[in-house]
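Visitor: Dropping a structure here in C-alpha cells format, bear with me for questions.
In this note's numbering, the protein residues as written are 1027 to 1197.
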C-alpha cells in the first residue's frame, strides 16, 4: 500500500523546503507541489475554481500512486482561507484508493517563523497573514505536531522519514 505523507502548517514555515528534502532523501518518493495546480490569472479560490484545483492535485497524487516505482507521495498544503475545502475535496477523491495517510503539522515559535518569513523576502502583508490568520488556522489540528523551531530543513526531513512505516530509516 502506498503512503501519502501530508505536511501542513502556516504559510512560510518551511513545508515546501522540507517536502523537497524528504523527496531527495527518501527513495521511491515523489513530491506534489500544489502551486502549479492552482497557477492561474486571476487566482481565485471559490466554488468555481475549487473543484478544478482539487482535481489537479488529486490527479497528480493518483498518478504517482499508480507508478510502481513510487511508494510515498509527499503533499504539503496550508489551511488558511478556503484552502481546507481544497484539501477535503482532494482527500475525498483519494478515498477510493487504499493508502496510508501520514499527516504532520509543522510548527515553530512565532519568533522563528518571523525569521523564516523575512528570509524568504515576504511582503509585510504576507508576513501579517502568515503570523496571524495562517497560524490560527492550525490551532485545532490534532495531527502529530513536529516543532521545527530549532531544526534545519534537512533535520526535519530526516525526523519525518524515520517515522514513515516501512522505510529503512524507521525506528
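The C-beta atom is built at its ideal place from N, Cα and C for all residues, glycine as well.
Note that the structure is predicted; figures quoted are calculated from it, not measured.
1) What separation, rounded to the nearest whole angstrom, lies between the Cα atoms of residue 1156 and residue 1144?
2) I need the DSSP call for residue 1062, collapsed to helix, strand or coil.
3) What number of angstroms, rounded off, separates the C-alpha of residue 1027 from the C-alpha of residue 1098?
4) Give the single residue among 1113, 1185, 1186, 1130 whose Cα lies nearest to the Cα of residue 1232.
5) Using the Cα positions of residue 1141 and residue 1133, report the straight-line distance between them to the nearest angstrom.
6) Is it a yes or a no for the stretch 1089 to 1108 touching the stretch 1045 to 1060, going by three-plus beta-carbon pairs under 8 Å?
7) Have a look at the DSSP bridge pairing and note the partners of residue 1037.
8) If you check the beta carbons only, do residue 1034 and residue 1128 fall under 8 Å apart?
9) Out of 1039, 1029, 1160, which has the shortest C-alpha to C-alpha gap to residue 1049?
10) Tell me the rounded alpha-carbon separation between residue 1125 and residue 1153.
Guide: Judging by the given coordinates:
1) 11 Å
2) Helix at residue 1062.
3) 9 Å
4) Residue 1232 falls outside the range modelled here, since the chain spans only 1027 to 1197, and no answer is possible.
5) Roughly 14 Å separates the two Cα atoms.
6) yes
7) In DSSP, residue 1037 forms no bridge with anything.
8) The answer is no: Cβ separation not under 8 Å.
9) If we check each option's Cα against that of residue 1049, 1029 comes out closest.
10) Residue 1125 and residue 1153: Cα-Cα distance of roughly 35 Å.
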